[in-house]
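Data block below; observations after.
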Amino acid sequence: MILTKKCTGYYSEMTLGAGKFIRRLLRHVLPRGFKKIRRFGFLSPGKAL
1 MILTKKCTGY YSEMTLGAGK FIRRLLRHVL PRGFKKIRRF GFLSPGKAL
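According to the UniProt record's numbering, the residues represented by the sequence shown are 1 to 49, in order.
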């Protein structure tokens with residue numbers, strides 16, 4: 001896994017075990033019944049494609 005700090009542009013490499021990688025990945029999955037709100041970025045309703 002390669003991480004970047006936006007302010008400095010500094011790259012660092014990191015080795016993760018399988019369990020830690022899956023834990024970090026699942027942080028981005030919403031629980032059942034929750035709905036994602038997209039107000040910013042390319043998925044926002046006002047953005048023309």
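Where is the CB? At the ideal position from N, CA and C, for every residue including glycine.
Small disclaimer: the values here were computed from a predicted structure and weren't measured.
query                                                                                      : result
Which stretch, first to last residue, makes up the alpha helix (DSSP H) that contains K20? : A18 to L26
For G41 and G17, I'd like the C-alpha separation in whole angstroms.                       : 31 Å
For S44, report the span of its beta strand (DSSP E) as first-last.                        : S44 -> no beta strand (DSSP E), and no H or E assigned at all.
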